[in-house]
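For reference, the structure is listed below as structure tokens.
Numbering (the numbering used here), first residue to last: 4 to 317.
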């Protein structure tokens, strides 16, 4: 179990003072508030342990939900909240965990330049990928036909609690796990090839392999596709992506010279290219319950032969 801490880099969604300007107020449309992107740069859904907020609605009829901007699209939680009728004078704490649970969100609730969807319950439900990039979060309040002071929703102390991935924690946790054979602590270095299968321990970590046995099926596959492009396919574990581990594909015409200018750095999402000096492209197929599948396509051009290999560094 990785530790969790309160993130110190996020902005409060809204302050709360007992004046109208510090309340969300509708007349009568749903209201929407969202942060900028700077404080969330690089954060992924899988790195969020919990969202929490203190809120106080003027009436118990207002329906409230968490909101998140992931991979460029706004979602609101299928979980909804109403204020306790007997506690309208006080703030109540709302929390949301398990952000990647199946069908936990409504999709297509807001598009830049368009109005906010005021009936999210008829939207398609969605499951968020652990690797989706987060660039905003907020609080959705549907006050219905209420107007004036009855439409107010006050918000305070919005907090994002994140999973901490520091140093080699993810790799060390993996290396200390259970494998087919004993994995001596003295053989767990990233560059060590303990099972002598041509894949060092760090690559085993990235590819989802077992560092104690040879597994030919785990190794990257190289094939020639239509048009004589070189295609390299391999898996990448979520644990290695979140740490993160730098993964790239290198190319050579002779298995001797690997020109760094041609290196293809693999990111978190598909890239239509050109990437690297060889003008490559790649796709990333997200598999939440298994390693993601990476397919890299490299034009051969005038080369009569071409080779590819996958390397990983911390």
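Glycine residues also receive a C-beta, built at the ideal position from the N, C-alpha and C atoms.
- Following the DSSP letters along the chain, one finds residue 241 in no beta strand (DSSP E) but inside the alpha helix (DSSP H) bounded by residues 241-245.
- The DSSP-derived three-state label of residue 271 is coil.
- The C-alpha of residue 51 lies about 13 Å from the C-alpha of residue 138.
- Exposed is the label assigned to residue 96, since fewer than 16 other Cβ atoms lie within 10 Å of its Cβ.
- Under DSSP, residue 107 forms no beta bridge with any residue.
- Per the coordinates, the alpha-carbon of residue 316 lies some 37 Å from the alpha-carbon of residue 98.
- A direct Cα-Cα distance of roughly 13 Å separates residue 63 from residue 94.
- Here residue 190 carries a helix assignment [DSSP, helix/strand/coil].
- As computed with DSSP, residue 308 is found in no beta bridge at all.
- Per DSSP, reduced to three states, the secondary structure at residue 87 is coil, with no helix or strand assignment.
- Rounded to whole angstroms, residue 210 and residue 236 show a C-alpha spacing of 11 Å.
- Look at the beta carbons and you see the region 248-262 touching the region 299-317: at least three pairs across the two are nearer than 8 Å.
- A direct Cα-to-Cα measurement between residue 218 and residue 200 gives close to 8 Å.
- Across the set 287, 112, 197, 279, the C-alpha of 287 shows the shortest separation from the C-alpha of residue 241.
- Close CB contacts of residue 255 within its chain, under the 6 Å cut and outside five residues either way in sequence, are with 261, 310 (chain order).
- Distance from the CA atom of residue 111 to the CA atom of residue 257, rounded to whole angstroms, is 49 Å.
- With 16 or more other Cβ atoms from the protein chains shown falling within 10 Å of its own Cβ, residue 132 counts as buried.
- Cβ-Cβ separation between residue 100 and residue 53: approximately 5 Å, consistent with a contact (criterion under 8 Å).
- For residue 252, the uninterrupted beta strand (DSSP E) segment begins and ends at 249-255.
- Separation of residue 300 and residue 271 (C-alpha to C-alpha, rounded to the nearest whole angstrom) is 16 Å.
- DSSP places residue 205 inside the alpha helix (DSSP H), whose first and last residues are 204-210.
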